[in-house]
Amino acid sequence: MNAGDTTFVIISAALVMLMTPGLALFYGGMVRGKNVLGTIMQSFIILGVITIEWVLWGYSMSFGPDHAGIIGGLDWIGLKGVGLEPSTSYGTTVPHLAFMIFQCMFAVITPALITGAFAERMKFSAFLIFTLLWATFVYNPICHWVWGIGGWMLKLGALDFAGGTVVHISSGIAALAAAIVIGKRKGFGSTAYIPHNVPMTITGAAILWFGWFGFNAGSALAANGLAANAFVVTHVASAAAALSWILMETIHRGKPTTLGAASGAVAGLVAITPGSGFVGPVSSIIIGGLAGVICYGGIMLKSRLGYDDSLDVVGVHCVGGTWGALATGLFASKAINPAGYDGLFFGNPMQLWIQFVAVAVTMIFSFVMTVIILKLVDLIVGLRMTEEDEEKGMDISLHNETGYTI
Amino acid sequence: MKKVEAIIKPFKLDAVKEGLATLGVKGLTVSEVKGFGRQHGHKEIYRGAEYHVDFVPKIKIEVVLDAKILPDVIKVISDRAFTGQIGDGKIFVLPVEEVIRIRTGEKGIEAI
Chain A
1 MNAGDTTFVI
11 ISAALVMLMT
21 PGLALFYGGM
31 VRGKNVLGTI
41 MQSFIILGVI
51 TIEWVLWGYS
61 MSFGPDHAGI
71 IGGLDWIGLK
81 GVGLEPSTSY
91 GTTVPHLAFM
101 IFQCMFAVIT
111 PALITGAFAE
121 RMKFSAFLIF
131 TLLWATFVYN
141 PICHWVWGIG
151 GWMLKLGALD
161 FAGGTVVHIS
171 SGIAALAAAI
181 VIGKRKGFGS
191 TAYIPHNVPM
201 TITGAAILWF
211 GWFGFNAGSA
221 LAANGLAANA
231 FVVTHVASAA
241 AALSWILMET
251 IHRGKPTTLG
261 AASGAVAGLV
271 AITPGSGFVG
281 PVSSIIIGGL
291 AGVICYGGIM
301 LKSRLGYDDS
311 LDVVGVHCVG
321 GTWGALATGL
331 FASKAINPAG
341 YDGLFFGNPM
351 QLWIQFVAVA
361 VTMIFSFVMT
371 VIILKLVDLI
381 VGLRMTEEDE
391 EKGMDISLHN
401 ETGYTI
Chain B
1 MKKVEAIIKP
11 FKLDAVKEGL
21 ATLGVKGLTV
31 SEVKGFGRQH
41 GHKEIYRGAE
51 YHVDFVPKIK
61 IEVVLDAKIL
71 PDVIKVISDR
81 AFTGQIGDGK
91 IFVLPVEEVI
101 RIRTGEKGIE
111 AI
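Line order of the protein sequences matches chains A and B. Counting in this note's numbering, the first sequence runs from 1 upward without gaps. Counting in this note's numbering, the second sequence runs from 1 upward without gaps.
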C-alpha cells in the first residue's frame with residue numbers, strides 16, 4: 001500500500017463525484033426555465049440510485065471474477081471481500097475500497113450523461129427504472145469488457161484509459177436510441193427551445209473541466225508521472241477544443257458564443273479521455289483541436305436527421321468519444337506509457353483497427369440494449385409525461401416546485 | 001392630470017430618469033417588459049441553431065403628472081430615449097381621473 005497513491009485516488013474520486021452536479025448545472029442551464037429543477041434532478045438523484053446499485057451488485061458485475069470475458073461474477077456482491085487492503089488486480093497500491101469508490105463515480109456520471117437526450121419530457125418513474133436497468137445491463141458489462149481483468153476488449157488490446165468507450169460512446173449512442181424511441185418534444189420545429197440560463201451552463205462546464213482532472217489523471221490510480229501526463233493532456237485538449245469550436249462558429253455563424261466555448265471545452269475533454277494515459281501534449285492539441293471541429297459538425301446532425309437530442313449528447317459524447325477512441329489508435333505511444341501500445345502514427349496500424357472494433361461493438365450493444373430497455377419501461381410505466389404536464393413543465397408537474405419565483 | 005407610459009430601450013433608462021427629475025417629476029414606476037413593434041424581434045444563435053426571438057426586452061416607465069408639464073415631459077423623454085435606430089420605443093398619454101395618496105388621503109394634483 002502506498003500513502004501517496006491512496007491519497008490521490010481518494011481525492012480523485014471526490015473530484016469525479018463533483019462532475020455529476022456539474023453536469024446537472026451544465027444541462028440545467030440549457031433547458032427552459034420551467035424544466036430547470038426536473039433536469040437538475042435527473043443528474044443529481046443518479047448519485048443516489050447508482051451509488052446504491054454499485055455497492056449492491058454493480059461493482060461485482062463490473063470488476064468481480066471474470067466469466068468468459070463477458071461479465072464479472074457476483075462474488076463481490078454487497079462489497080463482500082472488498083476491504084481495506086489492496087486488490088490483487090486493480091490499483092494494487094491503494095485500498096480496494098478506494099478503487100471501488102473511484103469507479104463508483106464513473107458509473108454514476110455515465111447514465112447522467114444520457115439524460116440530456118430526453119430532457120424536458122420523460123416521466124420521473126420511467127427515468128429511474130431506465131437508469132437502474134441501463135446501469136445494470138449496459139454499463140456494467142461494457143465496463144467489464146474494457147477494464148475488468150479477463151474482459152474481452154482488454155484482452156483484444158483495446159486502449160481506453162479513462163472511459164472513452166465505457167463512459168462516452170456507451171452513453172452517447174444510448175442517447176441517440178433514447179431520442180428516437182421517446183420522440184420529439186412537444187412543438188419541435190415550431191418552438192424555440194432557448195437555453196434559459198447560459199451562465200449556469202458555463203458554471204457547470206467549469207465544474208466538469210475541474211472534475212475531469214480526477215477522471216483522467218486519477219485513472220493512473222497512482223500519484224506518478226503518468227497521472228501528470230494525463231492531467232496535462234486533458235487540460236491542453238480542452239483548451240484547444242474550446243478555441244476550435246468558437247473558430248468554427250465564427251466561420252459558420254459570424255460570432256463566437258460563450259455556450260460554444262463551454263461546449264467545445266467539454267468536447268475536448270470527452271475526446272482526450274480514452275487517450276489521456278497514452279498520448280503526449282502535442283498529440284493532445286491535435287486531438288482537442290479536431291474534437292472542437294468534429295463535434296461542432298456532430299451537433300448539426302440532429303437537424304439534418306430530424307431527431308430531438310435536446311442537449312446534444314450524441315453530437316458531443318458519441319461523436320467526440322468515437323473520435324477520441326480512434327485518435328488513441330492513431331496517437332498512442334509506448335514512450336508515454338510502456339504498459340500501452342503504439343498507435344498508427346508510431347508504427348502500429350493494427351491498433352486503429354482494434355480501436356474501431358471496440359467502438360463498433362460498444363455502439364451496437366449499447367444501442368440495441370437501450371432500445372429494448374426503453375420499450376420495456378414504456379410497457380411498465382410509460383416513458384413520456386402527459387402533453388399537459390410537458391406544457392406546464394417538469395418542475396411543477398413532476399416535483400411540485402418551481403426553480404424561480406418573483 | 002395625465003399618465004405617461006413610455007416604452008424605451010433599457011440602456012436609456014438612466015438618461016430619461018435624470019431628465020424627468022430636472023422637470024420636478026417626483027416619482028415614477030419602472031418595469032422590465034417584453035414586446036415587439038416594427039423592430040419585430042431579433043435572432044439568437046445557440047450551438048449553431050438560429051432562433052427568432054419575437055419579444056425584445058424593453059423598459060416601461062409610468063409616470064402621472066400635472067397636465068401643465070406634459071409637453072416638457074414628452075420632449076424630455078423623446079430627446080433622451082432617442083438613438084435614431086429602429087426600436088427606440090413609444091410614448092402613450094392617458095387621462096387620469098383621480099389620484100389618492102394612501103397614507104394621508106390627499107387627492108388630485110396634491111397627491112401626485
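Positions of the beta carbon are idealized from the N, C-alpha and C atoms, including for glycine.
{"Check": "Nonlocal neighbours in the same chain, by C-beta distance under 6 Å from V31/A, ignoring five residues either side", "Outcome": "T39, A119 and E120"}
{"Check": "M122/A in three-state terms, based on DSSP", "Outcome": "strand"}
{"Check": "Under 8 Å between C-beta atoms of F462/A and T201/A", "Outcome": "A question about residue 462/A goes unanswered here, because the residues of chain A that appear run from 1 up to 406."}
{"Check": "Contact with chain A by I59/B, beta-carbon distance below 8 Å", "Outcome": "no"}
{"Check": "8 Å Cβ cutoff met for S12/A and G214/A", "Outcome": "yes"}
{"Check": "Closest residue to P57/B among K68/B, L65/B, H42/B and V64/B (Cα-Cα distance)", "Outcome": "H42/B"}
{"Check": "Candidates V316/A, M385/A and K375/A: closest to W134/A by CA position", "Outcome": "K375/A"}
{"Check": "A68/A - containing beta strand (DSSP E), residue span", "Outcome": "Unbroken run through A68/A: none, as it is neither H nor E."}
{"Check": "Own chain partners of K3/B with C-beta closer than 6 Å, once the 5 adjacent residues on each side are dropped", "Outcome": "V64, L94 and V96"}
{"Check": "W245/A Cβ short of 7 Å to the ligand SAH heavy atom set", "Outcome": "Absence of the ligand SAH is noted for the structure shown, with no ligands found whatsoever."}
{"Check": "Cβ contact (3+ pairs, closer than 8 Å) linking the stretch 236-246 of chain A and the stretch 278-291 of chain A", "Outcome": "yes"}
{"Check": "Within chain A, partners of R103/B - CB distance below 7 Å", "Outcome": "Neighbours of R103/B on chain A: none; closest Cβ ~25 Å, over 7 Å."}
{"Check": "The stretch 185-205 of chain A: positions lying closer than 7 Å to chain B by Cβ", "Outcome": "A192, I194 and P195"}
{"Check": "Beta-carbon proximity check, I129/A vs S171/A, cutoff 8 Å", "Outcome": "no"}
{"Check": "Backbone CA spacing between P10/B and I59/B [nearest angstrom]", "Outcome": "5 Å"}
{"Check": "Helix, strand or coil at E249/A according to DSSP, with G and I counted as helix", "Outcome": "helix"}
{"Check": "Proximity below 8 Å, CB of M19/A to CB of L208/A", "Outcome": "yes"}
{"Check": "Touch test, the stretch 152-164 of chain A against the stretch 87-99 of chain A, Cβ-Cβ under 8 Å, three pairs minimum", "Outcome": "no"}
{"Check": "C-beta contact flag for E44/B and I286/A at 8 Å", "Outcome": "no"}
{"Check": "Buried versus exposed call for W212/A [16 or more other C-beta atoms within 10 Å across all chains shown]", "Outcome": "buried"}
{"Check": "Any chain A beta carbon closer than 8 Å to I141/B", "Outcome": "An answer regarding residue 141/B cannot be provided, because it is not within the stretch 1 to 112 covered by chain B."}
{"Check": "Separation of C143/A from T110/A, as counted between CA atoms", "Outcome": "11 Å"}
{"Check": "Under 8 Å by beta carbon: chain A residues contacting H52/B", "Outcome": "A192"}
{"Check": "L259/A in three-state terms, based on DSSP", "Outcome": "helix"}
{"Check": "Closer than 8 Å to chain A by CB, E98/B", "Outcome": "no"}
{"Check": "Contact check, V16/B vs I77/B, beta carbons under 8 Å", "Outcome": "yes"}
{"Check": "Residue range of the beta strand (DSSP E) that includes S31/B", "Outcome": "T29 to G35"}
{"Check": "Cβ distance (whole Å) where A265/A is taken to contact A241/A below 8 Å", "Outcome": "6 Å"}
{"Check": "Cβ-based burial, S284/A [other Cβ within 10 Å; buried from 16]", "Outcome": "buried"}
{"Check": "Chain A residues whose Cβ lies nearer than 9 Å to that of G35/B", "Outcome": "The contacting residues do not exist; G35/B stays about 17 Å from chain A at best."}
{"Check": "Contact list for E44/B against chain A, beta-carbon separation under 9 Å", "Outcome": "A192 and I194"}
{"Check": "From H168/A, H67/A and A112/A, residue whose alpha carbon lies closest to that of W323/A", "Outcome": "H168/A"}
{"Check": "Own chain, CB closer than 8 Å to H399/A, minus 5 neighbours either side, in chain order", "Outcome": "L37, G38, M41 and F124"}
{"Check": "F213/A (DSSP reduced to helix, strand or coil)", "Outcome": "helix"}
{"Check": "Under the three-state DSSP convention, the category I45/B falls into", "Outcome": "strand"}
{"Check": "Distance, N348/A Cα to L176/A Cα", "Outcome": "32 Å"}
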